[in-house]
Structure formats: structure tokens, C-alpha cells
Amino acid sequence: MKKFLLLSVFATFLLNAFLIKAQELVLLDKDGNDITNGELFVEDIDVFGIMKAKIFFRNDKDVIVSVLVRKVEVDVIPGTINYFCWNDACLDENTFEADVPILLEPGETSTAADFYADYIPDGKEGTSIIKYEFFSDREDFETVEVIVHFVYEEEEPNSIIELPQIVSSLNSLFPNPAKDYTEVNYTVSSESTSSIRIYSITGRLINEILLDSSSNKYRLDTSSLQRGMFMVSFVVDNIIISTRKLVVSL
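At position 101 of the sequence shown the residue is numbered 100 (numbering that gives the first Met the number 0), and the sequence of numbers has no breaks.
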């Protein structure tokens with residue numbers, strides 16, 4: 000009897016081990032390191048003021064799997080912006096879960112356009128912590144996750160590149176979300192050349208508009224823009240001073 004019980008326990012253990020392994024989805028960072036159920040620290044920021052968490056996922060099963068993702072804000076600094084891009088489309092920051100799965104063949108790894116998470120500190124120092132859960136609509140699928148720490152600190156002024164002496168700033172975009180237009184409020188020296196650049200969420204330059212340095216307001220026509228999220232950069236003497244998110248609604 001004891002021998003039978005031991006064999007049953009051992010068989011159950013082997014079966015569970017096999018199922019867990021078969022259900023495994025592996026998360027990787029941009030360098031190919033395994034970060035499954037681990038943590039990722041992001042400190043780099045691009046010229047648009049965006050910090051990117053590049054996460055890949057690999058199907059270690061011997062069948063096709065459908066993968067979804069969920070965002071969980073663990074500890075986010077107020078006034079910052081975060082969103083994720085899924086299946087080559089960036090979603091609004093108020094979207095916390097993808098509704099269209101990505102299918103992976105056995106052994107296949109996702110592409111750079113399949114998933115990445117963006118964080119815009121907007122000048123606010125500190126660390127924001129966001130968890131991304133990768134799951135499936137199949138009950139036997141084992142959900143995996145990674146906790147991302149977006150760490151932002153203001154850099155010391157570079158002595159080689161001198162910023163304009165007067166305080167220049169992009170004060171506000173209103174209304175935002177915008178339908179037909181948004182008012183761009185800014186501060187700039189009359190001796191400086193300034194402009195605003197409108198970028199798609201993927202970083203493609205859509206338009207650049209020169210601003211009147213004797214004014215502090217510009218009415219931006221948004222009626223020709225498609226519904227979605229855009230980035231508006233305020234440029235002074237060819238230096239990007241600040242970047243803000245603009246949402247265009249129908």
C-alpha cells in the first residue's frame with residue numbers, strides 16, 4: 000500500500016513538473032537575459048523624454064500559444080505618464096489590459112514591435128514601479144510577470160551644451176484630449192527661435208511649426224490628426240526643452 004502511495008505521489012509530481020514546464024512562457028530583456036517573474040530597471044531616457052522598457056516573450060511550449068498582457072501600477076509618481084505598446088500599436092495610458100492576443104509558434108520569440116512599455120517622467124525625479132503580467136485566456140496557462148522600475152534623475156547641466164539663459168517652458172496643452180484644436184501655452188525669450196514638433200507615439204515626426212517669440216500662445220489645429228496619442232515637443236534653439244502627451248479624440 001505504501002509503495003503504491005509513493006508511486007502515485009511520484010507520478011503526480013512528474014506530471015505537475017511536466018505541465019509547469021509545458022506551460023512556461025519566458026520573459027527576456029533586450030539583451031536576452033531571463034527576467035521571468037523578476038525585475039527590470041530602466042534608467043535611460045531618449046531625446047523625446049521617454050524611458051522604454053523593452054520586453055520580449057518566448058513560447059517554450061510545443062503548441063501555439065496566445066498571449067495577452069496586463070498593466071498593474073504598483074507605485075507611480077503623480078504627474079508622470081505611462082502606457083504600453085502591443086502588437087505594433089500604442090495604447091492610451093488608461094488602458095490596462097490588451098484585448099487582442101499575440102500568437103506565438105512553438106519556440107518563437109516576440110518582436111520588438113510586439114510589446115514595449117513607455118514611461119514619461121516629465122521632469123519628476125524618483126522611481127515608478129509598474130508590473131506587467133503576461134497571460135492567456137486558456138485556463139491551464141501559467142501567468143508570468145515582470146516588475147519594472149523606471150528610475151529618473153535629473154542630469155547635471157552639460158558644460159558643452161548651453162541651454163537658453165531665460166527659462167523656457169511648454170506650460171500647457173488645452174484642451175487635452177483635443178478634438179479640433181488645442182492651445183499651446185509656452186514661455187520663451189524674444190531672442191530665441193522656438194517651435195513645436197508633433198510626433199506619433201512611435202517617434203515619427205509628423206509636423207514642425209515655428210512659434211512667434213513675441214507671443215506665448217499658439218492654436219494648434221488637430222482636426223487633420225487621426226484619433227490617438229501624440230507627443231508634442233517644445234524646441235528652443237534646436238534643443239528639446241520639454242515633451243508632453245497630446246490625446247486626439249473624435
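C-beta atoms are modelled at their ideal positions from N, C-alpha and C, and glycine is treated no differently.
From a predicted model like this one, the values you see are computed outputs, not experimental measurements.
Problem - Assumed close pair ASN81, VAL73 - CB separation to whole angstroms, cut-off 8 Å - result: No, ASN81 and VAL73 are not in contact; Cβ-Cβ is about 11 Å, not under 8 Å.
Exercise for the section: Find the nearest neighbour of ILE197 within the set ASP136, ILE44, LYS244, judged by alpha-carbon distance. Expected result: LYS244
Problem - Coarse secondary structure for ASP74, derived from DSSP in three states - result: strand
Practice task
Please determine if the region 37 to 51 and the region 146 to 153 are in contact, where contact requires at least 3 C-beta pairs separated by less than 8 Å.
Solution key: Contact between the region 37 to 51 and the region 146 to 153 is present, because at least three Cβ pairs lie under 8 Å.
Exercise for the section: Count the C-beta pairs between the region 116 to 125 and the region 24 to 38 that are closer than 8 Å, then say yes if the count reaches three, no if not. Expected result: no
Handout entry: Contiguous beta strand (DSSP E) assignments of at least 3 residues, all confined to the region 130 to 212
Key = 143 to 151, 168 to 173, 180 to 186, 193 to 199, 204 to 209
Exercise for the section: Give the straight-line distance between the Cα atoms of ALA111 and ILE208, rounded to the nearest whole angstrom. Expected result: 31 Å
Problem - Spatial distance of THR242 from PRO77 (CA atoms) - result: 17 Å
Handout entry: For ASP220, the first and last residue of its enclosing beta strand (DSSP E)
Key = 216 to 220
Exercise for the section: Just the C-alpha distance for ASP59 and GLU107, rounded to the nearest angstrom, thanks. Expected result: 8 Å
Practice task
Quick one: using the 10 Å Cβ neighbour count with 16 as the cut-off for buried, is SER189 buried or exposed?
Solution key: exposed
Handout entry: Residues near LEU67 in its chain [Cβ-Cβ closer than 6 Å; skip 5 each side]
Key = ALA97, PRO100, PHE134
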